[in-house]
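Residue numbers (my numbering): 89 to 199.
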């Protein structure tokens, strides 16, 4: 679902579409992503893969754009990101035929 509010869940603040992914270990993945909703900030938490019942709890621990680390990624830009936590092994590369996974979550609270 892409509604701002999902029944029984928090509002969706951010979405990342997975293009390519490398699974480092069951708790860490590096992925090329496109920001669909955001901006997505460092520390964002993802708890849902759109249209999936799989349980995930991934934290965005790195955003790398054009060879440098950045604090946030705004739509429609792409980046290389690192995600750590439960469900990293569930991430898959997208194709135009099979579609793309979309991670949904929230940004960390602003200081």
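Cβ atoms here follow ideal geometry from the backbone N, Cα and C, with glycine treated the same way.
Inside the stretch 105-168 only - beta strand (DSSP E) runs reaching at least 3 residues: 116-125, 133-137 and 145-153
What do you get for residue 129, buried or exposed, if any count of 16 or more other CB atoms within 10 angstroms of its CB means buried? buried
Pair within 8 Å by beta-carbon distance, residue 142 and residue 175: yes
For residue 195 and residue 101, which I take to be in contact (beta-carbon distance under 8 Å), what is that distance rounded to the nearest angstrom? 5 Å
Verify whether the separation of the beta carbon atoms of residue 115 and residue 150 is less than 8 Å. no
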